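Below is one structure, written out as structure tokens; the observations come after it.
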Amino acid sequence: MKKSGLSMKLAAITLVMTMITASLVSGTYSKYTQQVTATDTVRVAKFAFNLKDTGGAHVLTQSSSSGAIDIFKHTDAGVYGSGSTKIIAPGTTGTLNFTVENLSEVKVGATFVLTETNDSNIPIYYTLGSNPQRYSAKLTGTYSGGTYASLSALQSAMAIASINASDGTTPVTNTVDLKWTWAFDSAGTGQTDSADTALGIGGTATVTLAIQTTVTQLDA
Amino acid sequence: MNISLEREIRYSRKKRRSLLLAIIMFLSAVTLSTTGFLVGKTVQGIGYYGKLIDTIVLTPGNRLKPAATPTPAVSETFSVTGRILFSDGTPYSNGVVELRSTPRYTRTDAAGYFSFPGVEPGSHTINAIENGTPIASCRVQVEKTPQVSEAQVIRLDNGDYSVKISLKTISVQIELKLSDNDKKMTVTSVKGTVSTTDATGGQGPNIPTGNPGSSPAANTPGAQNRPQSGASPVPGVSAPFTTPSAVSPSAAFPPVPSATPSPAVTPSATPAPSGTPGPQPTSEQSSGGESQTGGTQPSTPQPSSSPIIRAEDNYYGSAKVWTQISQVDIFAPREDTGVKLINGEKVIAPGASGLYLFRLYNPDSSTLRYWLKLSESDYRLPIRYRLLSGISELDKSYVGDDEWKSAEEIEVNGKELSSGEYTYYTLQWKWVSQSNENDTELAKQQTVNYYVINITIDAESN
Numbered sequence: 192m193k194k195s196g197l198s199m200k201l202a203a204i205t206l207v208m209t210m211i212t213a214s215l216v217s218g219t220y221s222k223y224t225q226q227v228t229a230t231d232t233v234r235v236a237k238f239a240f241n242l243k244d245t246g247g248a249h250v251l252t253q254s255s256s257s258g259a260i261d262i263f264k265h266t267d268a269g270v271y272g273s274g275s276t277k278i279i280a281p282g283t284t285g286t287l288n289f290t291v292e293n294l295s296e297v298k299v300g301a302t303f304v305l306t307e308t309n310d311s312n313i314p315i316y317y318t319l320g321s322n323p324q325r326y327s328a329k330l331t332g333t334y335s336g337g338t339y340a341s342l343s344a345l346q347s348a349m350a351i352a353s354i355n356a357s358d359g360t361t362p363v364t365n366t367v368d369l370k371w372t373w374a375f376d377s378a379g380t381g382q383t384d385s386a387d388t389a390l391g392i393g394g395t396a397t398v399t400l401a402i403q404t405t406v407t408q409l410d411a
Numbered sequence: 036m037n038i039s040l041e042r043e044i045r046y047s048r049k050k051r052r053s054l055l056l057a058i059i060m061f062l063s064a065v066t067l068s069t070t071g072f073l074v075g076k077t078v079q080g081i082g083y084y085g086k087l088i089d090t091i092v093l094t095p096g097n098r099l100k101p102a103a104t105p106t107p108a109v110s111e112t113f114s115v116t117g118r119i120l121f122s123d124g125t126p127y128s129n130g131v132v133e134l135r136s137t138p139r140y141t142r143t144d145a146a147g148y149f150s151f152p153g154v155e156p157g158s159h160t161i162n163a164i165e166n167g168t169p170i171a172s173c174r175v176q177v178e179k180t181p182q183v184s185e186a187q188v189i190r191l192d193n194g195d196y197s198v199k200i201s202l203k204t205i206s207v208q209i210e211l212k213l214s215d216n217d218k219k220m221t222v223t224s225v226k227g228t229v230s231t232t233d234a235t236g237g238q239g240p241n242i243p244t245g246n247p248g249s250s251p252a253a254n255t256p257g258a259q260n261r262p263q264s265g266a267s268p269v270p271g272v273s274a275p276f277t278t279p280s281a282v283s284p285s286a287a288f289p290p291v292p293s294a295t296p297s298p299a300v301t302p303s304a305t306p307a308p309s310g311t312p313g314p315q316p317t318s319e320q321s322s323g324g325e326s327q328t329g330g331t332q333p334s335t336p337q338p339s340s341s342p343i344i345r346a347e348d349n350y351y352g353s354a355k356v357w358t359q360i361s362q363v364d365i366f367a368p369r370e371d372t373g374v375k376l377i378n379g380e381k382v383i384a385p386g387a388s389g390l391y392l393f394r395l396y397n398p399d400s401s402t403l404r405y406w407l408k409l410s411e412s413d414y415r416l417p418i419r420y421r422l423l424s425g426i427s428e429l430d431k432s433y434v435g436d437d438e439w440k441s442a443e444e445i446e447v448n449g450k451e452l453s454s455g456e457y458t459y460y461t462l463q464w465k466w467v468s469q470s471n472e473n474d475t476e477l478a479k480q481q482t483v484n485y486y487v488i489n490i491t492i493d494a495e496s497n
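The listed protein sequences correspond, in order, to chains A and B.
Sequential numbering from 192 applies to the first sequence in our numbering.
Sequential numbering from 36 applies to the second sequence in our numbering.
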């Protein structure tokens, strides 16, 4: 009986202590809280471009690793053959209107690396637009009005410093007019009539020009 | 046998005692829940329901806290807007301007305009800052007095300026000229804009709306040079510069009298007209704490909340108050950030960087504790952040360290903010390129994805 009374007392004390503690605890935890959030949303500026040859006969996109374009065209005077076979002769000339279409939402620049595969030394030279400066991988020395420059110099001259950003839909374009010519005026070093004749007799010499284009974002 | 019976009795007593104890514990649990509930109800003396462990979320649109103190009849604070020009008349454009009392910062826009909301009377120094260093300063003593109907400025012998403004002035427009020879800025003119409300209230205050491009701005001197977009992409452009329709019709920017000792101030001959209802206050202006027209009730009362913390933009001077979820310009579309606005969407590219200035204010009478964290959308971009406590151009007080961090790594934990105290933060962000290939892949975007950044402030009253 005595033990029971003690238990009751203990229970009562526990009850009182619990109530006091609970009151204090509830008072401590009951607070005003508030949450505010500032949020902002952006999307990444689109980066897209097309490379087109004359008239857009061939279109390469930013996803293309490589593709054929018409540098030497059948429509150029003196270019014969059909399909991928293009036959040129001394004095033949033609123009590639090489267009970079910027569809990016950022300003871009374009650089070019020209690689001419021309084991038989076909005396090809290039000019840009109406500029008489000649560039060649095979021809050196002087010609009437200038001195041959290298393809490396041509690359620098071709580089497009800046093409404005597009709205993502309407492209902003920049076109490089690259003119090629089989030299036949004996100007400079690397071309002679006898060499041209030998190339013609053989009929197997080929020249390939590869234009590697890198389009780079200019601004953020 | 006796022993067995005695054991049984003892067992029975023990069982009864346990039962009794269980009942008592149950009763105590019920009682403490009730007590806790009741105690919670009177926490901080405000009549809201509480529970044993309670969370009361304050949501906009509900008047959760009855006005404990009567609204003051006259607002103490006012906005300061102005323009800084070089001596040849060219604007101090896109420059940092500091108003040093409680230090606060903004940038001028292309035309040299700037704005500071919620300025208190007293002594202020206006600094034009370049590369963190003041290039020119000007000290201004601002006093609210019933003797002036709008604003009056006097150049004191010591080169400071004494500006007296009406009790009802809600905005002070000031024009400053940067000197070529010394590090001084001179005040060339000051103009005050007064609320048309009398001290007893009842008439809607003529507070400019939050849209900087709203029509009243067109009547403001120099407004033709200001952007008309509500988004206000140019820093330093803000609503307070707009002149409400009922502004006292004095000449804009009256000239500053030549250096003379402070003469007796005489009331203006052109009292401010009254009675013209003005535009409705914006949320930021009616959200308490730093109201520019305290004491006047909006002509159409809006449901309001009584936040325990106020967070707001400050970088553009527009002082956009955050609500539960607010769209803000963390990625501000500007030339220097590299963020563009294309067809209404913010567009970001590798190399972009910028900063977002915001401040927190405790309008409550007691200290509060707050937590700040950043969170991103599932779609991630290589954007890294740094959080500065203060203003980036001037302070190098990084939260944590100066390493660029992912959003999740940026946080402030349980920092205290005293009653009436402001704290400024600058969130710096930049696109950290991992490789050109990665960036290009992100930008090829076969599907359009949106990157979202959130700054969340959790606050709790002490």
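Every residue, glycine too, gets a C-beta built ideally from N, C-alpha and C.
Being a predicted model, the structure only gives us computed values, none of them experimental.
Please confirm whether tyrosine 457(B) and glycine 425(B) have their CB atoms less than 8 angstroms apart. no
Which partner residues does asparagine 497(B) have in the DSSP bridge list? Beta-bridge pairing links asparagine 497(B) to no other residue.
With a threshold of 8 angstroms between beta-carbons, can methionine 349(A) be considered close to chain B, or not? no
Chain A contact residues for tryptophan 439(B), given Cβ-Cβ distances below 9 angstroms: Correct list: empty, because the minimum Cβ distance to chain A is about 16 angstroms.
Evaluate the contact criterion for the stretch 268-276 of chain A versus the stretch 326-334 of chain A: three or more CB pairs, one atom per stretch, below 8 angstroms. no
Helix, strand or coil: how does DSSP classify asparagine 448(B) here? strand
How should glutamine 208(B) be labelled, buried or exposed, when 16 other C-beta atoms within 10 angstroms of its C-beta is the threshold for buried? buried
For chain A, is any of its Cβ atoms less than 8 angstroms away from the one on serine 273(B)? Confidence is the limiting factor: at serine 273(B) the pLDDT is only 29, short of 50, which leaves the residue's position unreliable, though a coordinate-based value still follows. Judged by the 8 angstroms Cβ criterion, serine 273(B) is not in contact with chain A.
With H, G and I counted as helix, E and B as strand and the rest as coil, what does DSSP make of arginine 234(A)? strand
Give the straight-line distance between the Cα atoms of glutamate 411(B) and valine 487(B), rounded to the nearest whole angstrom. 6 angstroms
For chain E, find out if any of its Cβ atoms is closer than 8 angstroms to the Cβ of phenylalanine 61(B); answer yes or no. No chain E is present in this structure, whose protein chains are A and B.
Spatial neighbours of phenylalanine 121(B) within its chain, please: C-beta separation below 8 angstroms, excluding the five flanking residues on both sides. Tyr127, Lys212, Leu213 and Asp215
Identify the continuous beta strand (DSSP E) that holds aspartate 348(B) and give its terminal residues. 345-348
Could you have a look at aspartate 399(B) and say whether DSSP puts it in helix, strand or coil? coil
Identity of the residue in Thr402(B), Lys440(B) and Asp348(B) nearest isoleucine 418(B) by Cα: Lys440(B)
Starting from leucine 390(A), trace the alpha helix (DSSP H) in both directions and tell me its first and last residue. 384-393
For tyrosine 339(A) and tyrosine 326(A), I'd like the C-alpha separation in whole angstroms. 5 angstroms
So, at 6 angstroms on beta carbons, what are the nonlocal neighbours of glutamine 469(B) in its own chain, with the 5 sequence-adjacent residues on each side left out? Pro417
Which residue from Tyr317(A), Ser255(A) and Asp310(A) puts its Cα closest to that of glycine 285(A)? Tyr317(A)
Leaving out the 5 sequence neighbours to the left and right, which residues in its chain are closer than 7 angstroms to asparagine 193(B) when beta-carbon positions are compared? none
At a CB-CB cut-off below 7 angstroms, which residues of chain B make contact with glycine 359(A)? Ile377
Any chain A beta carbon closer than 8 angstroms to arginine 52(B): yes
In terms of DSSP beta bridges, what is asparagine 365(A) paired with? Val291(A)
Mark arginine 345(B) as exposed unless 16 or more other C-beta atoms lie within 10 angstroms of its C-beta, in which case mark it buried. buried
List the residues of chain B whose Cβ lies closer than 9 angstroms to the Cβ of serine 198(A), in chain order. Arg52, Leu55 and Leu56
Taking the straight line between their C-alpha atoms, what separation do you get for glycine 389(B) and methionine 208(A)? 57 angstroms
Between Ala186(B), Gln176(B) and Tyr140(B), which has its C-alpha nearest threonine 168(B)'s C-alpha? Tyr140(B)
Any beta carbon from chain A within less than 8 angstroms of serine 424(B)'s own beta carbon? no
Kindly say whether arginine 325(A), judged by its beta-carbon, lies nearer than 8 angstroms to any beta-carbon of chain B. no
At a CB-CB cut-off below 7 angstroms, which residues of chain A make contact with threonine 482(B)? Result: empty, since nearest Cβ-Cβ is about 11 angstroms, beyond 7 angstroms.
For phenylalanine 61(B), the three-state DSSP class (helix, strand or coil): helix
Which two residues bound the contiguous alpha helix (DSSP H) that contains threonine 475(B)? 471-479
For aspartate 123(B), go through chain A and note every residue whose CB falls closer than 9 angstroms to its CB, in chain order. The premise fails here: aspartate 123(B) is roughly 31 angstroms from chain A at the closest Cβ pair, so nothing lies under 9 angstroms.
Taking Cβ-Cβ distances below 8 angstroms as the criterion, which residues of the stretch 229-250 of chain A are in contact with chain B? Ala229, Thr230, Asp231, Thr232, Val233, Arg234, Val235, Ala236, Lys237, Phe238 and Ala239
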